[in-house]
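The structure appears below as structure tokens.
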Amino acid sequence: MAKPIELSNVTKAYLEEYQRILKKMMQGMTYVTITCSISENFIKQIIPHQVAAIQMSENVLRYTTNIPVQNLALEIIRTHTEMVESLEAIQNRCCVVQNSEYELYEYMCAYKEITEAMFNAMCAPPVSNSININYLREMIVHHQGGIRLAQNVLRFCICQELIPILRCMIQTLCEQLEAMEKLLDSLQNCDCEC
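Number 43 in the UniProt record's numbering belongs to position 43 of the sequence shown; there are no gaps in the numbering.
Structure (structure tokens):
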């Protein structure tokens, strides 16, 4: 049986803050008063997800000296702040688009399945003493969940103003996901050689 890794105090501090952010995100995404509007529900559910990405990136910036990770974190902060602002700007208008009980049921079943898988993976990611690797692993799962959540809501009759935001969100998350996977591969290869 493999011996557990002894984590540095810096890694422990990083991970404690990550767990705090994650707990807040999970509560924000779970305890939403559900209405008859999928558009409104999605906006209320996804904003805590976007805010968590910003906070996770701010957390890694306190510790990392890796320039590609810094650049990625800054890019995530910028794009997710823009997404939150766009969603908040249309929130009051989008709640008027109502859905049937059946559509709402279908949406929520898929939402629960996606968030459960994302929460489980984010709660127990493989942990190393490399804060950069930890951050990328956490953020990859976060982005995969975000893409699936956005794709889910696009299956339904939703607020027209929300559609271009969702398409932009999916494209941005896919691009960032690809960059994170490449960066993680390079860091893990570098880690093995050292």
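Beta carbons are placed, not taken as given, at the ideal position from N, Cα and C, and that holds for glycine.
Taking DSSP as the reference, what is the three-state secondary structure of residue i?
{"i": "residue 31", "result": "coil"}
{"i": "residue 63", "result": "coil"}
{"i": "residue 4", "result": "coil"}
{"i": "residue 192", "result": "A caution first: residue 192 carries a pLDDT of 46, below 50, which makes its placement in the model too unreliable to give a value."}
{"i": "residue 77", "result": "helix"}
{"i": "residue 37", "result": "coil"}
{"i": "residue 155", "result": "coil"}
{"i": "residue 160", "result": "coil"}
{"i": "residue 168", "result": "helix"}
{"i": "residue 98", "result": "coil"}
So, at 6 Å on beta carbons, what are the nonlocal neighbours of residue i in its own chain, with the 5 sequence-adjacent residues on each side left out?
{"i": "residue 32", "result": "44 and 45"}
{"i": "residue 162", "result": "39 and 94"}
{"i": "residue 1", "result": "Low confidence applies here, because residue 1 scores a pLDDT of 48, under 50, leaving its location unreliable and the question unanswered by this model."}
{"i": "residue 201", "result": "Not covered by the structure: residue 201. The range shown for the chain is 1 to 194."}
{"i": "residue 116", "result": "none"}
{"i": "residue 60", "result": "73 and 135"}
Along the chain, where does the alpha helix (DSSP H) that runs through residue i open and close?
{"i": "residue 127", "result": "Here residue 127 belongs to no alpha helix (DSSP H), and DSSP marks it neither H nor E."}
{"i": "residue 101", "result": "101 to 123"}
Find the nearest neighbour of residue i within the set the options, judged by alpha-carbon distance.
{"i": "residue 48", "options": "34, 24 and 41", "result": "24"}
{"i": "residue 54", "options": "36, 149, 81 and 108", "result": "81"}
{"i": "residue 137", "options": "50, 56 and 4", "result": "56"}
{"i": "residue 86", "options": "27, 165 and 115", "result": "165"}
{"i": "residue 79", "options": "7, 169, 117 and 128", "result": "169"}
{"i": "residue 29", "options": "118, 171, 140 and 129", "result": "118"}
{"i": "residue 77", "options": "52, 26 and 179", "result": "52"}
{"i": "residue 7", "options": "160, 141 and 126", "result": "126"}
{"i": "residue 120", "options": "98, 5, 15 and 22", "result": "22"}
{"i": "residue 195", "options": "154, 176, 4 and 131", "result": "No statement about residue 195 is possible, as the shown extent of the chain runs from 1 to 194 and does not include it."}
{"i": "residue 188", "options": "171, 128, 158 and 64", "result": "128"}
{"i": "residue 157", "options": "9, 17 and 98", "result": "98"}
{"i": "residue 83", "options": "159, 167, 178 and 20", "result": "167"}
Cutting at 8 Å between CB atoms, please list the residues of its own chain near residue i, excluding the five before and the five after it.
{"i": "residue 173", "result": "143, 146, 147 and 150"}
{"i": "residue 102", "result": "none"}
{"i": "residue 152", "result": "107, 110, 111 and 114"}
Excluding the five sequence neighbours on either side, which residues of its own chain have a C-beta within less than 7 Å of the C-beta of residue i, listed in chain order?
{"i": "residue 192", "result": "Confidence at residue 192 is low in this model, with a pLDDT of 46, below 50, so the placement of that residue should be treated as unreliable; the coordinate-derived value is given next. Counting only Cβ-Cβ distances below 7 Å, and skipping sequence neighbours, we find nothing."}
{"i": "residue 41", "result": "32, 34 and 35"}
Please confirm whether residue i has its beta-carbon closer than 8 Å to some beta-carbon of chain C.
{"i": "residue 167", "result": "Reference to chain C is not applicable here, since this structure consists of a single protein chain."}
Can at least three beta-carbon pairs, one atom from the segment 128 to 137 and one from the segment 170 to 190, be found at a separation below 8 Å? Output reads yes: the segment 170 to 190 touches the segment 128 to 137.
Can at least three beta-carbon pairs, one atom from the segment 65 to 77 and one from the segment 107 to 117, be found at a separation below 8 Å? no
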